[in-house]
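Undergrad: What follows is a single structure, and I will ask about it in a moment.
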Amino acid sequence: MYNKAYHPNQISNLSFLVTGGAGFIGSNLVEYLLHHNAGKIVVLDNYATGYASNLEPFKHHSNLEIINGDICSLDDCNKACAGVDYVLHQAALGSVPRSVENPIATNKVNVDGFLNMLVAARDAKVKRFVYASSSSVYGDSKVLPKVESQIGNPLSPYAVTKLLNELYADVFAKTYQMEITGLRYFNIFGPRQNPGGPYAAAIPLFMDALLSNKPAYINGDGGQTRDFTFVQNAVEANIKSLFSVKNAGDPMVFNVAVSDRISIKELYEVLKDVSGSKIDAIHRSERPGDIRDSLADISSAKKYIGYDPQVKMVDGLKITMDWFRQAFYNN
Ligand SMILES: NC(=O)c1ccc[n+]([C@@H]2O[C@H](COP(=O)([O-])OP(=O)(O)OC[C@H]3O[C@@H](n4cnc5c(N)ncnc54)[C@H](O)[C@@H]3O)[C@@H](O)[C@H]2O)c1
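Residue 971 in the numbering used here is what sits at position 92 of the sequence shown, and the numbering runs on without skipping anything.
In structure tokens form, the structure reads like this:
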């Protein structure tokens, strides 16, 4: 999946820290970096929502170091950042509903943990710090497509934490002359996304339901739209953000999406088709904190980091469905 290089030169003399590397997006970043012979890859993860199995295929690489640690510990962050050139910070507690149920836990990891990582990266003098923000920062803004400079009020504790990340990043860049880029992910999906637990995202949930003939649930009328983005595109955005030329005054956050949207009920129909299932979804009540419509303008990411997402949604869904079949159903 990661044959194409998104970095300009050899990376065999460079070291990278991927926090949350045992998670969905983090493990895809690890896969890319190993595939392109990165000099050293350090993973910092406490397995709160990630899995050792996500790193299992890569464990034999001698240039991969896995630290079982917590970003809420500054010591763990310092240890992970020591001697590292670049940081790809993915560790966080995702999910809007999780944050609605337990805002303190989400804040602790996503805000205190984020601040620890910024301080550790500053003290280790890393070359660049790229971190996962979220489309949730657009909150109640009705503007479509979403442009980076126009955000609304956050609709969930999770969105507040991601907005705070962006504020801290801005201040750290100015105060400590750090090079920092935030990526506002729009509904990323792909291999290794977790279909289990109460906070699973729509695509893995639907795939799991369709492949095992279980009922799938659509929240509300299903007319809500999303700019679903295959994980390979998110990996491209991360790697290009590490190496893009940065000039004073350039934007510090970018949308990571495809700039194409689909409603949840249409998505379910596409997945039904891809899976060959005939089972219809069941509608249930809307979720608090959810955004109605989401569609990104990606022209700024194109201009400043050269982001050019190659994988369209349907192609990504087919790759993901194949992966789910093999990983969970052995067929
Ligand atoms: N998947 C999406 O659609 C999406 C959308 C917007 C933003 N994001 C953000 O992207 C990042 C990665 O998300 P993901 O979908 O891969 O989720 P994930 O849950 O699969 O990965 C998060 C990883 O962080 C680790 N982690 C959590 N708390 C930690 C802690 N205290 N210390 C160390 N590690 C910890 C988890 O164990 C997990 O491996 C997160 O910051 C998330 O908020 C994801």
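Beta carbons are placed, not taken as given, at the ideal position from N, Cα and C, and that holds for glycine.
Is Lys-970 near ligand 1, going by C-beta to nearest heavy atom under 6 Å?
TA: The amino acid occupying residue 970 in the given sequence is Ala; Lys does not appear at that position. Checking the Cβ of Ala-970 against ligand 1 gives yes.
Undergrad: Rounded C-beta distance between Glu-1058 and Phe-1122? I'm assuming under 8 Å.
TA: Rounded, the Cβ-Cβ distance is 11 Å, inconsistent with contact.
Undergrad: For the beta strand (DSSP E) holding Val-966, just list the boundary residues, first then last.
TA: Per DSSP, Val-966 belongs to the beta strand (DSSP E) from 965–968.
Undergrad: In this structure, how does DSSP classify Phe-1107 when only helix, strand and coil are distinguished?
TA: In this structure, Phe-1107 counts as coil in the three-state DSSP scheme.
Undergrad: Which residue marks the beginning of the beta strand (DSSP E) containing Ser-1013, and which one marks its end?
TA: Looking at the DSSP string, the run of the beta strand (DSSP E) that includes Ser-1013 is 1007–1013.
Undergrad: Report yes or no: do the stretch 954–969 and the stretch 916–924 share at least 3 C-beta pairs separated by less than 8 Å?
TA: The stretch 954–969, when compared against the stretch 916–924, does touch it at the 8 Å Cβ threshold.
Undergrad: Take Asn-925 and list the residues in its own chain whose beta-carbon comes closer than 7 Å to its own, dropping the five residues that flank it on each side.
TA: Cβ neighbours of Asn-925 beyond the five flanking positions: Asn-947, Gly-948, Asp-949.
Undergrad: For ligand 1, is there a heavy atom less than 6 Å away from the beta-carbon of Asp-1002?
TA: No, since every heavy atom of ligand 1 falls outside the 6 Å radius drawn around the Cβ of Asp-1002.
Undergrad: Going by DSSP, name the residue or residues bridged to Arg-1001.
TA: Beta-bridge pairing links Arg-1001 to no other residue.
Undergrad: DSSP puts Leu-1062 in a beta bridge; with which residues?
TA: DSSP lists Ala-1011, Phe-1133 as partners of Leu-1062.
Undergrad: Nearer than 6 Å: is that true of the beta carbon of Asn-1032 relative to any heavy atom of ligand 3?
TA: Ligand 3 is not part of this structure, which contains only ligand 1.
Undergrad: How would you write the range of the beta strand (DSSP E) that Leu-1225 sits in, first residue to last?
TA: Within the shown structure, residues of the chain are numbered from 880 to 1210, placing residue 1225 beyond reach of any answer.
Undergrad: If you run the structure through DSSP and keep just helix, strand and coil, what is Val-919?
TA: The displayed chain sequence assigns Lys, not Val, to residue 919. Reduced to three states, the DSSP call for Lys-919 is strand.
Undergrad: Between Tyr-1064 and Ser-1035, what straight-line distance do the alpha-carbon atoms span, to the nearest angstrom?
TA: Each residue's Cα considered, the two are about 16 Å apart.
Undergrad: Pick from Val-963, Arg-1105, Ser-906: whose alpha carbon is nearest that of Leu-893?
TA: Looking at the Cα atoms, Val-963 is the closest of the given residues.
Undergrad: How would you label Leu-1046, buried or exposed, when you count the other beta carbons within 10 angstroms and need 16 or more for buried?
TA: The residue in question, Leu-1046, is exposed, as its Cβ has fewer than 16 Cβ neighbours within 10 Å.
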